[in-house]
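A quick write-up on the structure given underneath.
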Amino acid sequence: CRSLDRFDEKENVSNCIQLKTSVIKGIKNQLIDQFPVIEPWLNQIMPKKDPVKIVRCHEHIEILTVNGELLFFRQREGIFYPTLRLLHKCKF
């Protein structure tokens with residue numbers, strides 16, 4: 813079963829892009845629209861000075877990372893979903 817395969821960065825990641833400030837603002841606004849309760853936490857989750865990257869994986873999956881920490885993921889320009897680690901850390 814392919815879904816039970818272990819994630820391998822070399823095989824599953826197609827590229828990694830550091831986002832510009834304007835793109836980060838757009839993503840933050842999208843996250844606030846999707847999850848209004850996240851607004852007080854957002855600057856703590858995604859500090860302004862820290863680099864935000866999108867890791868593009870195969871099968872049109874994108875992972876939003878800050879300082880190497882996986883925060884949100886989405887498929888095909890869809891809505892962002894928080895990772896379980898983020899949900900346990902912030903408890904919105």
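Numbers in this note's numbering are just positions in the sequence shown, counted from 1, shifted up by 812.
Quick reminder that beta carbons are idealized off the backbone N, C-alpha and C, glycines included.
These numbers come from a predicted model, not from an experiment.
query                                                                          : result
Helix, strand or coil at LYS901 [DSSP, three-state]                            : helix
Range of the contiguous alpha helix (DSSP H) that encloses GLU851              : 851-857
CB contact flag (THR895, LEU882, <7 Å)                                         : yes
Cα-Cα separation between GLY838 and GLU823, rounded to whole angstroms         : 30 Å
Reduced DSSP category for GLU874 - H, G, I as helix; E, B as strand; rest coil : strand
Identified DSSP bridge partners for ARG865                                     : Note that residue 865 corresponds to Lys in the displayed sequence, not to Arg. Partner(s): GLN830, THR877.
Cα-Cα separation between PHE885 and LYS865, rounded to whole angstroms         : 12 Å
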